[in-house]
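Residue numbers (my numbering): 44 to 270.
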């Protein structure tokens with residue numbers, strides 16, 4: 044989305060200060076993060092088919108001073124360990140999540156296992172899509188159809204024109220973020236809050252602010268669905 048919407052490295056800090064939003068794109072903060080991206084590319088090129096410690100831990104470090112976070116993992120073996128790690132780093136409220144259908148985020152396909160750090164205490168639990176207020180979907184319904192289609196899907200969701208499984212997936216993960224940031228009292232409440240933001244047009248307005256500041260409004264107009 045950074046490249047598609049024309050967001051450049053030098054504009055991200057100002058975009059956050061002016062509009063309270065920016066794409067969280069690691070190489071935009073420092074050229075040093077290019078090393079992590081290039082290493083990940085080399086692992087893919089080598090067709091590495093198993094999860095390494097690098098896959099699990101390489102994204103723990105953030106260039107920003109954060110207190111709240113949602114951290115997705117490819118396995119549920121170390122959820123509590125990572126929750127305690129975030130406690131040691133100084134975080135206040137973190138959800139370390141694993142979609143038990145194999146995705147590293149909150150899932151609307153199957154159950155999600157969560158280790159929650161809150162004020163120094165860690166607890167683990169499992170949630171199903173119904174616990175989050177959404178329908179159970181299939182993997183096929185949320186599978187990516189490529190980078191270009193991802194952008195189209197994103198814009199359709201932001202403009203509340205897609206009410207399917209991918210929209211639900213966005214909402215449950217946004218809901219987890221709202222809960223982790225103490226905006227809502229639960230992930231389910233956060234999911235409802237996310238749906239309200241989409242339906243009200245606030246999400247679309249925020250995207251337009253970002254693109255107007257740092258992107259190409261004409262490019263967004265090309266992607267924008269007919270309303």
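Beta carbons are placed, not taken as given, at the ideal position from N, Cα and C, and that holds for glycine. Owing to the predicted nature of the structure, the values given are computational and were not obtained by experimental measurement.
- With 16 or more neighbouring CB atoms inside 10 Å of its own CB, residue 125 falls in the buried class.
- Look at residue 84 here: in three-state DSSP terms it is helix.
- Below 8 angstroms, too few C-beta pairs join the region 203-214 and the region 115-124 to call them touching: fewer than three.
- Counting along the chain, residue 224 sits inside no alpha helix (DSSP H), nor does DSSP assign it H or E at all.
- Counting other Cβ atoms within 10 Å of its Cβ, residue 205 reaches 16 or more and is therefore classed as buried.
- Around the beta-carbon of residue 94, fewer than 16 other beta-carbon atoms lie within 10 Å, marking it exposed.
- Beta-carbon to beta-carbon, residue 113 and residue 223 are separated by about 5 angstroms, close enough to satisfy the 8 angstroms threshold.
- According to DSSP, residue pairing for residue 113 in a beta bridge involves 138.
- Under the three-pair Cβ rule at 8 angstroms, the region 152-159 counts as touching the region 132-140.
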